[in-house]
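A short write-up of the structure that comes next.
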Amino acid sequence: MANSLHVKKGDRVKVIAGKDKGLVGDIIEVLPEQGRVIVEGVNVVKKHTPDRSQQTGGKNKGGIITTEAPIDASNVQLVVKVDGKEVVTRVGYERRDVTKRRPDGSEYETTRSVRIARKTGKEI
């Protein structure tokens with residue numbers, strides 16, 4: 001699996017496949033090694049944890065904890081705002097010319113890759 005995904009932490013995404021299809025949420029965490037993302041309010045699971053308060057000195061009381069589990073990054077699509085509406089879009093990449101500064105103060109021209117929304121053509 002590639003170490004780069006089309007979405008980043010903080011992006012607003014819509015789930016396009018699976019049991020939570022249609023839900024929209026923000027990305028909490030990105031796991032590029034596994035090609036997965038954790039989206040707020042999506043793929044919510046209940047985790048049963050044992051009481052470890054004696055070992056940790058009062059922490060980790062135990063019980064049932066509700067948390068989000070990772071989903072595959074291919075099952076989410078980026079959401080962008082267009083005229084006040086939220087629209088799903090694919091992600092494209094463009095190389096843009098930029099001027100960078102070296103530690104000694106000199107400047108040089110180079111390019112950097114930016115994400116663009118395919119529907120609007122604007123930088124994300």
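If you're matching positions, the sequence shown starts at 1 in full-length UniProt numbering and goes up one per residue. Here a beta-carbon is modelled for each residue, glycine too, at the ideal position from N, C-alpha and C.
Relative to the alpha-carbon of residue i, which residue among the options has its alpha-carbon at the smallest distance?
i: Lys59; options: Thr49, Leu5, Glu68; result: Thr49
i: Arg101; options: Tyr93, Thr111, Gly92, Glu94; result: Thr111
i: Glu107; options: Val114, Val98, Ser113; result: Val98
i: Thr66; options: Lys119, Lys47, Glu109; result: Lys47
i: Arg12; options: Lys19, Val79, Arg115; result: Val79
i: Val19; options: Asp26, Asp51, Asp72; result: Reading the sequence as shown, one finds Lys at residue 19 and not Val. Of the listed residues, the one whose Cα sits closest to Lys19 is Asp72.
i: Gly92; options: Gly84, Ser113, Lys81; result: Ser113
Span of the beta strand (DSSP E) holding residue i?
i: Leu78; result: 76-82
i: Gly92; result: 91-101
i: Thr111; result: 107-117
i: Val13; result: 12-15
Roughly how many angstroms separate the alpha carbons of residue i and residue j, rounded to a whole number?
i: Gly10; j: Arg90; result: 17 Å
i: Glu86; j: Ile28; result: 19 Å
i: Val42; j: Val76; result: 11 Å
i: Ala69; j: Pro103; result: 43 Å
i: Lys119; j: Lys21; result: 21 Å
i: Val24; j: Val44; result: 13 Å
i: Lys122; j: Ser74; result: 22 Å
i: Ser53; j: Val88; result: 45 Å
i: Arg95; j: Gly62; result: 50 Å
i: Ile124; j: Val30; result: 17 Å
i: residue 133; j: Gly105; result: In the structure as shown, the chain starts at 1 and stops at 124, and residue 133 therefore has no counterpart that could be examined.
i: Glu109; j: Ala117; result: 25 Å
How about residue i: is its Cβ closer than 7 Å to a heavy atom in the ligand COA?
i: Glu29; result: In the structure on display, the ligand COA does not appear, and there are no ligands present to speak of.
Would you mind listing the beta strand (DSSP E) stretches within the segment 17-71 that are 3+ residues and don't spill past its ends, in chain order? The segment 17-71 contains these whole beta strand (DSSP E) runs: 24-31, 36-39, 44-49, 63-68.
Cβ contact (3+ pairs, closer than 8 Å) linking the segment 4-15 and the segment 31-41: Contact between the segment 4-15 and the segment 31-41 is present, because at least three Cβ pairs lie under 8 Å.
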